[in-house]
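Asks:
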Amino acid sequence: MEEIIVKPVIAKEILESLKAKTEEEKQVIVHCCFPASPFLGNLIRIWHSTYLFDNQSEHRSKLIHAENISISPYWTAVPFMKDFWFTLIFSGLPKDCKSFDLKEVIPEEGGFFVESIKRNSSDVYRVKISES
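Residue numbers for the sequence shown follow numbering that gives the first Met the number 0, so the first one is 0 and each next one is one higher.
(1) Out of curiosity, what's the CA-to-CA distance linking residue 48 and residue 33?
(2) Provide the residue span of the beta strand (DSSP E) that contains residue 32, from first to last.
(3) Might you give, ordered along the chain, the residues of its own chain that have their beta carbon closer than 8 angstroms to the beta carbon of residue 122, omitting 5 neighbours on each side?
(4) The beta strand (DSSP E) with residue 57 in it runs from where to where?
(5) Considering only their Cβ atoms, is the gap separating residue 84 from residue 42 smaller than 8 angstroms?
(6) Could you check what DSSP says for residue 16 in three-state terms: helix, strand or coil?
So, in C-alpha cells, the structure goes:
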C-alpha cells in the first residue's frame, strides 16, 4: 500500500529557491488546502487548464507546476478526515492586479474555484479549495 503524505514537508532550500524564482520570474505560488472529508476513497487531481484570472483585466496566469497533486488524467488519494495540502505555481500576474480568482476550467462538474483572492506583495498565498 502507498504511503500517504498528509502535509508535505518542503525543505528550506527549496522554499528559498521558489522565493527567488518568484522574485526573478514573477511567478505566483498558491498553497492549497482541500478540507478534511468524511468520505472514504476521495480522489482529487488538477487539470492543466487551471488559471488565475485577474479581476481587473482579461489576463489569466497559466499553471506552470503542481506539487503533491496529480495532473489529469491521474488521481491523488485524499486521506480520510485530514486536510490535504498541495502547491500550484502559476505564471505572473499584471503589476496592477489587486485581486484574482483561481479557477479550474474543465469539461465536467466539480472544478476547483477560489474567488477574489486579495493580491499581496510576495505573491505567495494559502487558500482553502472548494468546488465550483
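Each residue gets a CB set at the ideal place from its N, CA and C atoms; glycine is no exception.
Replies: Let me lay it out:
(1) 18 angstroms
(2) 27-33
(3) 21, 25, 26, 27, 28, 91, 92
(4) Unbroken run through residue 57: none, as it is neither H nor E.
(5) no
(6) helix
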